[in-house]
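Before any comments, here is the structure.
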Amino acid sequence: MTEPSAAVHPAATEASDGEAGLVLMTTQPLPPRRAHAEPRPLSVPLRLAVVDMSGTSIVDTGLQDTAFAEALDAHGVGEGHPERTFHLAAFRRRRRSSRTDVFASIFGDRATARSAVRTFEERLDALIAEHGARPQPGAVEALERLREQGMALCLATGFARHTQNTLLESLDWMGLADLSLSPDDVGRGVPYPDMVLTALLALDLEDVRSVLTVGDTDADVQAGRRAGAGLVVGVLSGEDDGDALAAAGADAVLPLLADVPELTERLARA
Numbered sequence: 001m002t003e004p005s006a007a008v009h010p011a012a013t014e015a016s017d018g019e020a021g022l023v024l025m026t027t028q029p030l031p032p033r034r035a036h037a038e039p040r041p042l043s044v045p046l047r048l049a050v051v052d053m054s055g056t057s058i059v060d061t062g063l064q065d066t067a068f069a070e071a072l073d074a075h076g077v078g079e080g081h082p083e084r085t086f087h088l089a090a091f092r093r094r095r096r097s098s099r100t101d102v103f104a105s106i107f108g109d110r111a112t113a114r115s116a117v118r119t120f121e122e123r124l125d126a127l128i129a130e131h132g133a134r135p136q137p138g139a140v141e142a143l144e145r146l147r148e149q150g151m152a153l154c155l156a157t158g159f160a161r162h163t164q165n166t167l168l169e170s171l172d173w174m175g176l177a178d179l180s181l182s183p184d185d186v187g188r189g190v191p192y193p194d195m196v197l198t199a200l201l202a203l204d205l206e207d208v209r210s211v212l213t214v215g216d217t218d219a220d221v222q223a224g225r226r227a228g229a230g231l232v233v234g235v236l237s238g239e240d241d242g243d244a245l246a247a248a249g250a251d252a253v254l255p256l257l258a259d260v261p262e263l264t265e266r267l268a269r270a
């Protein structure tokens with residue numbers, strides 16, 4: 001097993017009609033499908049699990065919100081500012097969005113936004129170093145079971161690369177997965193499919209239908225759907241509820257990452 005690292009490959013966006021070679025789906029939005037208790041049988045065996053971090057494999061302890069508030073403080077939107085409460089609430093809704101875009105919507109110019117992003121990331125790294133991170137119940141065991149079922153592992157996040165590394169080091173997870181990816185490595189985060197497709201290419205796999213994705217937000221689900229993943233699972237341990245995950249197109253909605261290996265084992269036998 002190699003330590004997780006970023007491998008930057010251009011994400012393919014064109015569909016292939018051939019049976020051989022890399023089979024990729026288009027990145028255009030797809031109509032949602034209903035999440036059933038038991039998804040349809042797999043068309044090919046699963047060979048890669050792309051698993052989200054915060055909210056899915058790691059407990060979201062609110063450190064992002066604290067770092068965001070401190071970045072606002074440092075850029076003139078402190079306690080008593082008439083729009084502070086609005087911006088804090090908006091960030092909680094947009095935590096998977098580009099941090100630069102979020103801050104640009106507040107300050108109106110990209111230069112101030114980039115400065116605020118740097119403050120946010122510095123404070124978040126410091127908070128993680130101070131408070132540590134906690135895995136979701138059964139997360140490590142679930143990842144190990146997925147590997148035993150023949151899947152390579154990729155840990156994906158919306159955080160910056162250095163923040164992801166801080167999290168992995170805090171959890172002693174640097175050797176847990178074959179690959180770790182952030183938007184810094186591929187250009188765009190969820191709901192775009194770039195991280196899923198980059199993981200497929202980086203690990204020399206040929207068919208995107210052999211990919212399992214697991215995430216706790218509708219954006220995670222949309223990324224799996226847009227990539228054409230063979231099995232897209234939403235979990236209820238993070239931000240979005242079952243209705244939102246199902247509406248985004250999840251094949252299955254489960255309580256925790258820990259519940260995923262039982263599902264994949266059952267589907268492999270079907």
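Each residue of the sequence shown is one higher than the one before, starting from 1 at the first, in full-length UniProt numbering. Backbone N, C-alpha and C define an ideal beta-carbon position, used for all residues, glycine too.
Mark residue i as exposed unless 16 or more other C-beta atoms lie within 10 angstroms of its C-beta, in which case mark it buried.
i, result
"GLY108", "exposed"
"THR100", "exposed"
"SER105", "exposed"
"SER210", "buried"
"ALA258", "buried"
"PRO261", "buried"
"GLN28", "Residue placement at GLN28 cannot be trusted, given a pLDDT of 44 that sits under 50; what the coordinates show is reported in the next sentence. By the neighbour-count rule (16 or more Cβ atoms within 10 Å), GLN28 is not buried but exposed."
"PRO31", "Bear in mind that the predicted position of PRO31 carries a pLDDT of just 44, short of 50, making it unreliable; the figure below should be weighed with that in mind. PRO31 is exposed by the Cβ-count criterion."
"ASP251", "buried"
"VAL253", "buried"
"GLY224", "buried"
"PRO39", "buried"
"ASP220", "buried"
"THR85", "exposed"
"MET174", "exposed"
"GLU144", "exposed"
"GLU83", "exposed"
"GLU79", "exposed"
Please report the Cβ distance between residue i and residue j, rounded to the nearest whole angstrom; I am assuming they are in contact, meaning their Cβ atoms lie under 8 Å.
i, j, result
"HIS162", "ASP185", "With 8 Å as the limit, HIS162 and ASP185 do not qualify as a contact, their Cβ atoms being about 12 Å apart."
"PRO183", "GLY158", "6 Å"
"VAL235", "VAL214", "6 Å"
"ARG94", "VAL102", "5 Å"
"ALA229", "PRO41", "The pair is not a contact, with the Cβ atoms about 15 Å apart (cut-off 8 Å)."
"THR264", "LEU146", "7 Å"
Measuring alpha carbon to alpha carbon, tell me which of the options ends up nearest residue i.
i, options, result
"GLY249", "THR217, GLU121 and ASP259", "THR217"
"LEU267", "LEU231, LEU256, MET151 and ALA258", "LEU231"
"ALA227", "VAL235, VAL208 and LEU153", "VAL208"
"ALA129", "ALA219, CYS154 and ASP172", "ASP172"
"LEU155", "VAL221, THR85, ALA199 and ALA116", "ALA199"
"GLN164", "SER43, ASP52 and ARG40", "ASP52"
"GLN64", "LEU146, ALA229 and HIS131", "HIS131"
"ALA113", "LEU146, MET151, VAL77 and ALA133", "VAL77"
"LEU168", "LEU201, ARG145, GLY150 and ALA133", "ALA133"
"SER115", "HIS75, HIS81, PRO255 and THR166", "HIS75"
"ALA247", "GLN222, PRO255 and GLU265", "GLN222"
"residue 292", "SER43, LEU212 and LEU72", "In the structure displayed, the chain extends from 1 to 270; residue 292 sits before or after that span and is not available."
"SER98", "GLU265, THR264, LEU201 and GLY187", "GLY187"
"ARG96", "THR119, ALA160 and MET151", "ALA160"
"ARG118", "HIS81, LEU72, GLU148 and GLU79", "LEU72"
Have a look at the DSSP bridge pairing and note the partners of residue i.
i, result
"ASP259", "Answer by DSSP bridge pairing: none, since ASP259 is not bridged."
"ALA49", "LEU153 and LEU212"
"SER54", "ILE58"
"SER180", "LEU155"
"LEU231", "LEU212"
"LEU254", "VAL235"
"PRO135", "ILE58"
Check whether the Cβ of residue i lies closer than 8 Å to any heavy atom of the ligand PLP, and answer yes or no.
i, result
"ASP172", "You won't find the ligand PLP in this model; it holds no ligand whatsoever."
Decide yes or no for the touch test of the region 55–75 against the region 177–195: beta carbon pairs closer than 8 Å, at least 3 of them.
Short answer: they don't touch.
Count the C-beta pairs between the region 233–246 and the region 187–196 that are closer than 8 Å, then say yes if the count reaches three, no if not.
When Cβ pairs closer than 8 Å are counted between the two stretches, the region 233–246 is seen not to touch the region 187–196, the count staying below three.
Validate contact between the region 133–145 and the region 50–62 using beta carbons, cut 8 Å, 3 pairs
Counting Cβ pairs under 8 Å, three or more are found: they touch.
Would you call the region 44–54 and the region 76–89 in contact, with 3 or more CB pairs under 8 Å?
Under the 8 Å Cβ criterion, the region 44–54 does not count as touching the region 76–89, having fewer than three qualifying pairs.
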